[in-house]
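Asks: Could you have a look at this structure, given as structure tokens, before my questions?
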Amino acid sequence: MVRFSGALLAGLGQTLVSLVRGVGTQAMVLAAAIGATLRGECDGDELKSALLRLGLGSIPVVVSTAVFVGGLMVVQSAPLLARFGAESYLGWGAGFGILREVGPVLTGLMISGRVGSNNTAELGTLTVTEQVDGLRALAIDPAGYLLAPRVWAIILTTLVGTAISMIVALLGAAAAGLFLLHVHPLTFYNGLTSGMLTWLDVLHGLAKAFAFGVVIATSSTAYGLGATGGPPGVGRAVGSSVVATAVLIFAMDALVSMTARVQ
Amino acid sequence: MTAGPPSGSSSGPSDPNSSPSRRALRGSDYAVALSTVREGDVQPMPGFILPHDESRASLLVTLRATFSSLSHTQPSAVVTQAYELGVRSLPFLCLVLAFVGGIIVYQAGIQAMRIVPDTSGIGPGYIELLVRDLAANLTGLMLATRVGASIAAEIGSMKVTDQLDALRLCQADPVAYLVAPRFLACVLVTPILTIIAGACALASGTLVGALAFDIRPQNFLDPRFVTFGGLVTGFLKSAAFGFAIPLVSAHAGLYTRVGSQGVGDATTRAVVGSSIAVIVLGFFIGALMHVLLGGA
Chain A
1 MVRFSGALLA
11 GLGQTLVSLV
21 RGVGTQAMVL
31 AAAIGATLRG
41 ECDGDELKSA
51 LLRLGLGSIP
61 VVVSTAVFVG
71 GLMVVQSAPL
81 LARFGAESYL
91 GWGAGFGILR
101 EVGPVLTGLM
111 ISGRVGSNNT
121 AELGTLTVTE
131 QVDGLRALAI
141 DPAGYLLAPR
151 VWAIILTTLV
161 GTAISMIVAL
171 LGAAAAGLFL
181 LHVHPLTFYN
191 GLTSGMLTWL
201 DVLHGLAKAF
211 AFGVVIATSS
221 TAYGLGATGG
231 PPGVGRAVGS
241 SVVATAVLIF
251 AMDALVSMTA
261 RVQ
Chain B
1001 MTAGPPSGSS
1011 SGPSDPNSSP
1021 SRRALRGSDY
1031 AVALSTVREG
1041 DVQPMPGFIL
1051 PHDESRASLL
1061 VTLRATFSSL
1071 SHTQPSAVVT
1081 QAYELGVRSL
1091 PFLCLVLAFV
1101 GGIIVYQAGI
1111 QAMRIVPDTS
1121 GIGPGYIELL
1131 VRDLAANLTG
1141 LMLATRVGAS
1151 IAAEIGSMKV
1161 TDQLDALRLC
1171 QADPVAYLVA
1181 PRFLACVLVT
1191 PILTIIAGAC
1201 ALASGTLVGA
1211 LAFDIRPQNF
1221 LDPRFVTFGG
1231 LVTGFLKSAA
1241 FGFAIPLVSA
1251 HAGLYTRVGS
1261 QGVGDATTRA
1271 VVGSSIAVIV
1281 LGFFIGALMH
1291 VLLGGA
């Protein structure tokens, strides 16, 4: 038992140390991307192709997740509603969860899994096959050609993806409410717009999405550029990238929730 | 050296490198190698059930292959994997669940204060939600990320470096040797991890309740809303996740495309696939239990 808890503590410490180290690297990635963009070196064609590849490619995943997230919210609140007989509050409850918490976080996690790890895999492949050094040898700055377009594309994808998933998840919640709890969609809509939810809540969710986008973009890029040791190294980099991103997403979630306290 | 006569005294018209004596030597080498492998610690494995060509591959085929090789799994390998996949995910799981627990209690507290300044229902409601949904769903999602990525990266790396073919050459079926131990370990470990991580979320929720809203822990830790059905729902979910995650991820790893980007792509597919599996299974089990328990 002592040995077990010792291993647990050591693991926790390792996780924290690697997180702090990772955050430092990510700040450098973000600084490089912003610097390259300010100097006007952000490659337009690369940005377009990154938006198509990473952005459009993740829409199916985001939409299919969102439908079930909406349903999940309804199923979760079902016993509470049955206990208090408060069916008119279903729209408010589901809307609150989807707009402020679960929607942004789950969309962030899915985009991290789909877009972030794709980005890590691509950059990791370029790194282990020494193509990044090849770019430098051709006097092309990797910051403007590789980093900046991907970082902006991922941040934009996370924002737009979260907005889409909010709408889809609300539709999914309304459908689940109708079929599982027999709550009429109009009742759901009225609960949603009864005034307890405002556009500030939507803004709150989008602020989180922006923070998650920055985290996903920088951490996936940092881990990709740090990959070593051939194709297995790329796989390892993808694994540690998604894990670190997940922790950071929840940390950012706590941070935004606690600072942006809506009265 | 360039165009000189062949070094051996080749009698036939064929290539000098494949002279009869050499070929015989090689063949006997193989026979010796195979016989030592058969006698050694590698148990006879079931036939190579898994189709090698991708066109016939499907999750169901992998599932069937995994099941038929379960009886050949070495217990020591399962223990190793339970440590690698389970114990080593624990810090990550505890960290995330503690964060989420704190946030949820905080948000629920703010909402409760907005409507009625009554915080007595937060603790019991939170515990009920934790037992029925949250602990299982979040642990599942986090395991899909951590365990899914590691299984796919490991098996995928072995695929692109031809180590799966090397296993086949040693009469060891990759499914029985690699997939089945991971599968068994995940199935066994996921419910336990869910309980530990849920306890972390409970502790942090209690702490936030006490610090931010002055709820006394003895009032917060009140399991009066927890039902037997809720417990069963939570357990069913974690069991289903422990079943689905290793399967989806191992499938992605086994069919990694050879090439420098293959392993990365396989890891991506594993994370996305098992996350979606967790969300979809969570919804269906939740809905099913809701209907079964007659909550409508």
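Protein sequence lines, in the order shown, are assigned to chains A and B.
Just so you know, we're using the working numbering here: the first sequence kicks off at 1 and counts up by one.
Just so you know, we're using the working numbering here: the second sequence kicks off at 1001 and counts up by one.
Here a beta-carbon is modelled for each residue, glycine too, at the ideal position from N, C-alpha and C.
Quick caveat, the model's predicted, so the values are computed rather than measured.
(1) Could you check if Leu-1090/B is buried or exposed, using at least 16 other CB atoms within 10 Å of its CB as the buried criterion?
(2) If you draw a straight line from the C-alpha of Leu-1231/B to the C-alpha of Gly-1140/B, how long is it?
(3) Report the start-end ranges of each beta strand (DSSP E) in the stretch 1106-1134 of chain B that is 3 residues or longer and not cut off at the edges.
(4) Does Leu-109/A have its Cβ less than 9 Å from a Cβ in chain B?
(5) Contact check, Gly-1086/B vs Leu-1193/B under 8 Å by CB: the rounded distance?
(6) Below 8 Å, how does it come out for the stretch 242-261 of chain A and the stretch 18-30 of chain A: are there three or more Cβ pairs, yes or no?
(7) Quick one: which chain B residues come within Cβ less than 9 Å of Gln-26/A?
(8) Does Ala-1033/B come within less than 9 Å of chain A when only Cβ atoms are used?
(9) In chain A, what lies closer than 7 Å to Pro-1091/B by C-beta?
(10) Would you verify that the beta carbon of Ser-274/A is, or is not, closer than 9 Å to some beta carbon of chain B?
(11) Any chance you could list the beta strand (DSSP E) runs of at least 3 consecutive residues sitting entirely within the stretch 1189-1220 of chain B, in chain order?
(12) Taking Val-69/A as the query, report the chain B residues whose CB atoms sit under 7 Å from its CB, ordered along the chain.
(13) Using a Cβ cut-off of 7 Å, pull out every chain A residue sitting near Val-1248/B, in sequence order please.
(14) So is His-1251/B buried or exposed if we call it buried at 16+ other beta carbons inside 10 Å?
(15) Specify the secondary structure class of Ile-167/A as computed by DSSP and reduced to three states.
(16) Within the continuous alpha helix (DSSP H) that includes Ile-1285/B, where are the two ends?
(17) The stretch 219-245 of chain A: which residues have C-beta closer than 7 Å to a C-beta of chain B, in chain order?
(18) Would Gly-1209/B and Gly-1123/B be called neighbours here (beta carbons separated by less than 9 Å)?
(19) With DSSP as the reference, label Met-196/A as helix, strand or coil.
(20) What distance in whole Å lies between the Cβ atoms of Ser-1157/B and Pro-231/A, which are believed to be in contact at a cut-off of 8 Å?
(21) Would you identify the three-state DSSP class for Gly-1229/B, choosing helix, strand or coil?
(22) Mind checking whether Phe-1271/B and Ala-1149/B have CB atoms under 9 Å apart?
(23) Please state whether DSSP places Gln-131/A in a helix, a strand or coil.
(24) Consult DSSP for Gln-1081/B and reduce its assignment to one of helix, strand or coil.
(25) At which residues does the alpha helix (DSSP H) containing Phe-4/A begin and terminate?
(26) Name, going along the chain, the residues of the stretch 1263-1292 of chain B whose beta-carbon falls closer than 8 Å to a beta-carbon of chain A.
(27) Using a beta-carbon distance below 9 Å, is Glu-976/B in contact with chain A?
(28) Can a CB atom of chain B be found closer than 9 Å to the CB of Phe-210/A?
(29) Rounded to whole angstroms, what's the CA-CA distance from Val-1042/B to Ala-1266/B? Just pull it up for me.
(30) Can you give me the Cβ contacts of Leu-147/A inside the same chain, cut-off strictly under 7 Å, excluding the 5 residues immediately before and after it?
(31) Just to confirm the assignment, what range does the alpha helix (DSSP H) spanning Val-247/A have?
(32) Going by other Cβ atoms of all chains shown within 10 Å of its Cβ, with 16 needed for buried, is Ser-1021/B buried or exposed?
(33) Taking the alpha helix (DSSP H) that Ile-111/A belongs to, which residues open and close that run?
(34) Using CA atoms only, rank isn't needed, just tell me which of Ala-1098/B, Gln-1261/B and Leu-1169/B is closest to Ile-1195/B.
(35) Within the continuous alpha helix (DSSP H) that includes Phe-96/A, where are the two ends?
(36) What span of residues does the alpha helix (DSSP H) with Gln-1163/B cover, start to end?
Replies: Checking against the coordinates, here is how it stands:
(1) One-based indexing of the second sequence puts residue 1090/B at position 90. So Leu-1090/B ends up on the buried side.
(2) Residue numbering aside, residue 1231/B sits at position 231 when the second sequence is read from its first letter. Residue numbering aside, residue 1140/B sits at position 140 when the second sequence is read from its first letter. Those two C-alpha atoms are separated by around 16 Å.
(3) List check, beta strand (DSSP E) in window: nothing returned.
(4) Translated into the one-based positions of the first sequence, residue 109/A becomes position 109. Closer than 9 Å: yes.
(5) In the second sequence, the residue the question calls residue 1086/B occupies position 86. In the second sequence, the residue the question calls residue 1193/B occupies position 193. Right, their Cβ atoms sit about 6 Å apart.
(6) As far as the Cβ criterion goes, the stretch 242-261 of chain A touches the stretch 18-30 of chain A, which means the pair count is three or higher.
(7) Position 26 of the first sequence, counted from the first residue, corresponds to residue 26/A. Neighbours of Gln-26/A on chain B: none; closest Cβ ~18 Å, over 9 Å.
(8) As a first step, residue 1033/B must be located in the second sequence, where it is residue number 33. Low confidence applies to Ala-1033/B: its pLDDT is 49, below 50, so where it sits in the model is not reliable enough to give any reading.
(9) In the second sequence, the residue the question calls residue 1091/B occupies position 91. Here the neighbours are Leu-8, Gly-11, Leu-12 and Thr-15.
(10) In the structure as shown, chain A starts at 1 and stops at 263, and residue 274/A therefore has no counterpart that could be examined.
(11) none
(12) As a working note, residue 69/A is residue 69 in the first sequence. Residues of chain B passing the Cβ test: Ile-1279.
(13) Sequence index remark: in the second sequence, residue 1248/B carries index 248 (1-based). Near Val-1248/B there are no residues of chain A at all, since even the closest Cβ is about 12 Å away, more than 7 Å.
(14) Reading the second sequence from its first residue, position 251 is the one you call residue 1251/B. It is buried - the Cβ of His-1251/B has at least 16 other Cβ atoms within 10 Å.
(15) Mapped onto the first sequence, residue 167/A falls at position 167. Note: Ile-167/A maps to helix in three-state DSSP.
(16) What you label residue 1285/B is simply residue 285 of the second sequence in a count that begins at 1. 1262-1292 is the span of the alpha helix (DSSP H), which, as asked, contains Ile-1285/B.
(17) Pro-231, Pro-232, Val-234, Gly-235, Arg-236, Val-238, Gly-239, Val-242 and Val-243
(18) Here residue 1209/B corresponds to residue number 209 of the second sequence, with the count starting at 1. Here residue 1123/B corresponds to residue number 123 of the second sequence, with the count starting at 1. Going by C-beta atoms, Gly-1209/B is nearer than 9 Å to Gly-1123/B.
(19) Locating residue 196/A in the first sequence gives position 196, where the first residue counts as 1. Residue state, collapsed to three classes: coil.
(20) Taking the first sequence and counting its residues from 1, one reaches residue 231/A at position 231. Taking the second sequence and counting its residues from 1, one reaches residue 1157/B at position 157. About 6 Å separates the two Cβ atoms, so the contact holds.
(21) Here the question's residue 1229/B lines up with position 229 in the second sequence. In the structure shown, Gly-1229/B sits in a helix (DSSP, three-state: H, G or I).
(22) Walking along the second sequence from the start, residue 1271/B turns up at place 271. Walking along the second sequence from the start, residue 1149/B turns up at place 149. Residue 1271/B is actually Val in this sequence, not Phe. Contact flag set, yes.
(23) Mapped onto the first sequence, residue 131/A falls at position 131. Gln-131/A: helix per DSSP, three-state reduction.
(24) As a working mapping, residue 1081/B is identified with position 81 in the second sequence. Gln-1081/B falls in the helix class under three-state DSSP.
(25) Residue mapping note: residue 4/A aligns to position 4 of the first sequence, counting from 1. 2-38 is the extent of the alpha helix (DSSP H) around Phe-4/A.
(26) Val-1263, Gly-1264, Asp-1265, Ala-1266, Thr-1267, Thr-1268, Val-1271, Val-1272, Ser-1275, Ile-1276, Ile-1279, Val-1280, Gly-1282, Phe-1283, Gly-1286, Ala-1287, His-1290 and Val-1291
(27) Residue 976/B lies beyond the range of chain B shown here (1001 to 1296); nothing can be said about it.
(28) Walking along the first sequence from the start, residue 210/A turns up at place 210. Taking 9 Å as the threshold, the shortest C-beta distance from Phe-210/A to chain B does not fall below it.
(29) As a first step, residue 1042/B is located in the second sequence; it is residue number 42 there, counting from the start. As a first step, residue 1266/B is located in the second sequence; it is residue number 266 there, counting from the start. Caution applies to Val-1042/B, whose pLDDT of 42 falls short of 50 and renders its modelled position unreliable; the value that the coordinates give is listed next. Their Cα atoms are separated by approximately 28 Å.
(30) Residue mapping note: residue 147/A aligns to position 147 of the first sequence, counting from 1. These residues qualify, in order along the chain: Val-29, Ala-32, Ala-33, Ala-36 and Thr-221.
(31) Stepping through the first sequence from its first residue, residue 247/A is reached at position 247. For Val-247/A, the enclosing alpha helix (DSSP H) begins and ends at 230-259.
(32) Taking the second sequence and counting its residues from 1, one reaches residue 1021/B at position 21. Any reading at Ser-1021/B needs caution, since the residue's pLDDT is 42, under 50, leaving its predicted position unreliable; the model's value is listed next. When all chains shown are included, Ser-1021/B counts as exposed.
(33) On the first sequence, position 111 is the one that residue 111/A refers to. That run of the alpha helix (DSSP H) goes 102-111.
(34) As a position in the second sequence, residue 1195/B is number 195, starting the count at 1. Ile-1195/B has its Cα closest to that of Ala-1098/B, out of Ala-1098/B, Gln-1261/B and Leu-1169/B.
(35) Position 96 of the first sequence, counting from 1, holds the residue named residue 96/A. Taken as a continuous stretch (DSSP letters only), the alpha helix (DSSP H) holding Phe-96/A covers 90-96.
(36) Sequence index remark: in the second sequence, residue 1163/B carries index 163 (1-based). Start and end: 1163-1169.
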